[in-house]
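Residue numbers (our numbering): 1 to 502.
What follows is the structure in structure tokens.
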């Protein structure tokens, strides 16, 4: 018993009660601190359109103001047969373009100890998730093989099963094999990660449509704060392998004819579909500091809600979005003036964009016009990744905070006249600019709104400063260690390093 702790036996009943109350308050303070503890992003991996096969290459695409939109690859579907600008024609697709990944058919099955027959049955979404998760862990300085039996959670947003439509659901029953079930179920996309890497924490596949990966991030943060896991992988994946969903969206009038997202533009006429995968590695900030991790950014707070009884099942709700952002700010113990930038959901639809700005106005509309809230959306670069869209926005925001620069928001010729921009303290960041200067830490909000009504918002803050390691001085030569599972892979990796270092 310490000197500061009284001997309970010598206290009167009233003193004992007072002591018990103080102890309870201490415990409640600890619980509240744990509930609000920020979450550190310590690693990221991604495959996005436009050759953005890593966070560094993704930043180059963003900084340079490029988009990854192109023609539909011939191995996806026959655009010449399906295309028709008239959405009323049954079975028609109203666009020839989208934002696609290269080489989604390539996969090193042996690297993940998978047989050829099992790999053939594996949805390419599962394949790219395995690869990007491995890369995210390496980016975090965490050897994937050392995570076996660790309390690591997995939270994956996923929403389409095009590969199953091409095979398992095609009606050819004689083609169904023993691995088709585990190769195509959403639960197995997340479950396989825990199985392959030997992870024992919570494991969830989340389908809330366009908000799935940001909802997954919220759930990962909650799980870390509750102590259910000590490390968490949050991610999202979307590949477009068959035409059915694009036909449905064409019939609904949701798609842009040229495949571009013109978010906040007067000519916004629907969104361009995109595909990709992103994974972030998360830890409690206290653990990341203890372990001397390279913290890329900090997730201060997050929230999830639903539109409720809006004017239609797929119609967004400005009041719900307002309540969502306010709740996320409250959990972050921040106010509207503490945010510099919003990575908007920004679907580039005539209905969605004005509703989103209206929701933002209710939260941020009173800020000083001399310090406007900057707005942007990654959809103008890589299209709408649907289940993976929120993760693309989060990774973009982490990179922007890390580089101290807001990359340009593309495809705006004239701002949407349905929004009264002149009276709002907002600015669409159509040109790249340094992050607004200030005396406090840089902060941003990331939004994702699902077509089924589920919404998510995450408040992101720049990484805390840390002391630089003492310099060891210049050396004539440096050692670069390289490892791989095969001689061929080792040669490719070494060549890549050599090219980069030149």
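A virtual CB, placed ideally from N, CA and C, is assigned to each residue, including glycine. Here the structure is a predicted model, which is why all the values come from computation and not from measurement.
Compute the beta-carbon to beta-carbon distance between residue i and residue j, rounded to the nearest angstrom, for a pair I have assumed lies under 8 Å.
i, j, result
"residue 417", "residue 318", "Contact flag wrong, Cβ pair sits at about 18 Å."
"residue 223", "residue 344", "Not confirmed; about 27 Å, so no contact."
"residue 388", "residue 278", "6 Å"
"residue 99", "residue 274", "3 Å"
"residue 355", "residue 445", "Residue 355 to residue 445, Cβ: 16 Å. No contact."
"residue 390", "residue 256", "In fact, because the Cβ distance is near 20 Å, the residues do not count as touching under 8 Å."
"residue 434", "residue 404", "6 Å"
"residue 162", "residue 242", "4 Å"
"residue 50", "residue 63", "Contact doesn't hold; Cβ gap of about 12 Å is too wide."
"residue 119", "residue 107", "6 Å"
"residue 359", "residue 322", "5 Å"
With DSSP collapsed to three states, give me the class of residue i.
i, result
"residue 232", "strand"
"residue 74", "coil"
"residue 67", "coil"
"residue 426", "strand"
"residue 261", "coil"
"residue 179", "coil"
"residue 268", "coil"
"residue 492", "helix"
"residue 125", "helix"
"residue 455", "strand"
"residue 53", "coil"
"residue 218", "helix"
"residue 194", "helix"
"residue 15", "helix"
"residue 446", "strand"
"residue 462", "strand"
"residue 498", "helix"
"residue 9", "helix"
"residue 36", "helix"
"residue 1", "Bear in mind that the predicted position of residue 1 carries a pLDDT of just 47, short of 50, making it unreliable; the figure below should be weighed with that in mind. Three-state result, residue 1: coil."
"residue 484", "coil"
"residue 409", "coil"
Given a cut-off of 8 Å on the beta-carbon distance, is the pair residue i and residue j in contact?
i, j, result
"residue 58", "residue 399", "yes"
"residue 264", "residue 353", "yes"
"residue 216", "residue 235", "yes"
"residue 218", "residue 484", "no"
"residue 339", "residue 373", "yes"
"residue 221", "residue 299", "yes"
"residue 145", "residue 201", "no"
"residue 432", "residue 395", "no"
"residue 383", "residue 210", "no"
"residue 84", "residue 94", "yes"
"residue 41", "residue 280", "yes"
"residue 479", "residue 497", "no"
"residue 454", "residue 306", "yes"
"residue 250", "residue 199", "no"
"residue 43", "residue 101", "no"
"residue 410", "residue 371", "no"
"residue 285", "residue 39", "yes"
"residue 128", "residue 46", "no"
"residue 385", "residue 276", "yes"
Based on Cα-Cα distance, which residue from the options lies nearest to residue i?
i, options, result
"residue 189", "198, 155, 83, 219", "155"
"residue 178", "122, 37, 353, 310", "122"
"residue 443", "334, 347, 494, 409", "334"
"residue 378", "308, 69, 24", "69"
"residue 401", "360, 137, 181, 463", "463"
"residue 125", "74, 183, 147", "183"
"residue 292", "436, 102, 141", "141"
"residue 208", "451, 14, 493", "451"
"residue 76", "350, 419, 97, 461", "97"
"residue 246", "87, 327, 438, 465", "87"
"residue 422", "361, 74, 128, 115", "361"
"residue 349", "259, 302, 296", "259"
"residue 191", "365, 225, 233", "233"
"residue 109", "14, 196, 313, 24", "196"
"residue 436", "337, 321, 118", "337"
"residue 465", "441, 80, 111, 486", "441"
"residue 486", "80, 323, 252, 113", "113"
"residue 331", "458, 244, 23, 428", "458"
"residue 428", "477, 413, 73", "413"
"residue 240", "172, 254, 166, 253", "166"
"residue 419", "119, 351, 56", "351"
"residue 226", "475, 493, 408, 37", "37"
"residue 231", "287, 495, 376", "287"
"residue 346", "375, 366, 74", "375"
Quick check on residue i - is its C-beta less than 8 Å from some C-beta in chain D?
i, result
"residue 70", "Of the protein chains in this structure there is only one, and it is not chain D."
| message | So within the stretch 303-382, which uninterrupted beta strand (DSSP E) runs reach at least 3 residues, ignoring any that extend past its ends? | response | 341-343, 373-376, all fully within the stretch 303-382.
| task | Tell me the start and end of each unbroken beta strand (DSSP E) in the stretch 122-166 that is at least 3 residues and wholly inside, in chain order. | result | Segments of the beta strand (DSSP E) lying fully in the stretch 122-166: 152-158.
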